[in-house]
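K.L.:
My structure is below; once you've seen it, I'll send some questions.
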Amino acid sequence: MRLDMRTCNLDGRAVGSLDQAYDILARQLGFPAHFGRNLDALWDVLTTDLEGPCTVRWHHCHESEAVMGPDFQRLLAVLQDAAQERPDLCVEVDVRG
Numbered sequence: 067m068r069l070d071m072r073t074c075n076l077d078g079r080a081v082g083s084l085d086q087a088y089d090i091l092a093r094q095l096g097f098p099a100h101f102g103r104n105l106d107a108l109w110d111v112l113t114t115d116l117e118g119p120c121t122v123r124w125h126h127c128h129e130s131e132a133v134m135g136p137d138f139q140r141l142l143a144v145l146q147d148a149a150q151e152r153p154d155l156c157v158e159v160d161v162r163g
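Printed below as a string of structure tokens:
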């Protein structure tokens, strides 16, 4: 059983596209090489392949939202839905900065 927590810090000032988010998530959480770089593949990795416990923190998310448009809401929904699916995944969104 894994006792250490994996953490991914997304900085909204540096995340302006899905590709940038995928890069950061994959690097910081150690996604498998077969990660398909789309929202369905992200769901699959988060809910089945990723060893927990894990926390994803999205700081300055309002800046990502302004640049990403509808992709922001789609990405956030996948992250939050995956967190509801598994108790050892936490998603924290900082709307203040």
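Residues 67 to 163 (our numbering) make up the sequence shown, in order.
Think of the CB as a built atom: it goes at the ideal place given N, C-alpha and C, for glycine as much as any other residue.
Remember, predicted model here, so these are calculated numbers, not experimental data.
I'd like to check one pair, residue 144 with residue 108: are the Cβ atoms closer than 8 Å?
P.N.:
yes
K.L.:
Quick one: grab the DSSP three-state call for residue 116.
P.N.:
coil
K.L.:
Count the C-beta pairs between the segment 70–84 and the segment 127–142 that are closer than 8 Å, then say yes if the count reaches three, no if not.
P.N.:
yes
K.L.:
Rounded to a whole number of angstroms, what is the C-alpha to C-alpha distance between residue 141 and residue 119?
P.N.:
Those two C-alpha atoms are separated by around 20 Å.
K.L.:
Can you tell me whether residue 149 is buried or exposed? The criterion is at least 16 other CB atoms within 10 Å of its CB, across all chains shown.
P.N.:
buried
K.L.:
Would you tell me roughly how many angstroms separate the C-alpha atoms of residue 146 and residue 157, rounded to the nearest one?
P.N.:
Here the alpha carbons of residue 157 and residue 146 stand approximately 6 Å from one another.
K.L.:
Within the same chain, show all residues whose beta-carbon is closer than 8 Å to that of residue 160, passing over the 5 residues directly before and after it, in chain order.
P.N.:
Closer than 8 Å at Cβ, skipping near neighbours: 123, 124, 125, 126, 127.
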